[in-house]
Ligand code: V0V
Ligand code: CO
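In the numbering used here, the protein residues as written are 1 to 139.
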C-alpha cells in the first residue's frame, strides 16, 4: 500500500451552518467546496487546512452512515482520509491480504474523487477512507 498525504479529516455534525460558522470564524478556515453526495448520504463542506481539508459532514437521513454515527456517538471525528494514487489497486492489495474493507469496489466521492472505506472494526476503531484525486476541483 502506497499512502500519500493526509487528505482530510471527516467530522460528523448535526448543524452544518453552525459548524461552518465555527470553523470559519473561530479557526479562520475557508470553505472551498460544498456538495450533496446522495450515494454516501451526506451534505458536506470542505475547508482547506494547509495541504489537507477538514470535511464537515451532515447526514441526509437518520439511517445513513453519518446519521447512525450521530445517534450512537454524537458529533465528533468520523473518519480519516488518506491520499492514494490508485484506489482500485489499493483495494486489490487489501483483498489479497484478506483485510476487511467496506467497499468491494471504489465509489465516487467529493469533487469527483474516487474513494473506498476500510472498516473501523479492522482499523482499531477508526473509519479510514482512501482517496484518489479526480479531475474535479475541490478548491
Ligand atoms: C460506526 N462505527 C464506527 C463508525 N461508524 N466506529 C468508528 N468510526 C465510525 N465512523 C462503529 C459503531 O459504533 C458500532 O460499534 C459499529 O461500528 C457498527 O456501527 P453501526 O452503527 O451498526 O453502523 P453500520 O455497521 O451499519 O455501519 C458502519 C460503517 C458505515 C462504518 C460500515 O458507517 C459505513 O459504511 N461507512 C462508510 C461510508 C461513510 O461513512 N460515508 C459518509 C462519509 P459497536 O457499537 O458495534 O461497538 S462520505 C465521505 O467521506 C465522502 C463522500 C468523501 O470524503 O468524499
Ligand atoms: Co470523507
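Every residue gets a Cβ at the ideal spot worked out from N, C-alpha and C, and that includes glycine.
Setting aside the 5 residues that flank it on each side, residue 68 has no residue in the same chain whose C-beta is closer than 6 Å to its C-beta.
Where residue 94 is concerned, there is no enclosing beta strand (DSSP E), although the alpha helix (DSSP H) around it starts and stops at 87–96. Here residue 137 is exposed. Its C-beta has fewer than 16 other C-beta atoms within 10 Å. For residue 111, the closest of 37, 41, 25, 11 by C-alpha to C-alpha distance is 37. Setting aside the 5 residues that flank it on each side, residue 55 is surrounded in the same chain by 8, 10, 44, 46, each with a C-beta closer than 6 Å to its C-beta; the list follows chain order. For residue 59, the enclosing beta strand (DSSP E) starts and ends at 52–59. If one requires a minimum length of 3 residues, the beta strand (DSSP E) runs lying completely within the region 92–138 are 114–118, 127–132, in chain order.
DSSP places residue 67 within a helical segment (H, G or I) once states are collapsed to three.
Secondary structure at residue 5: coil, using DSSP grouped into helix, strand and coil. In the DSSP assignment, residue 16 falls within the alpha helix (DSSP H) that extends over 16–21.
Residue range 42–49 is occupied by the beta strand (DSSP E) that includes residue 44. The beta-carbon separation of residue 76 and residue 59, rounded to 14 Å, does not stay under the 8 Å limit for a contact.
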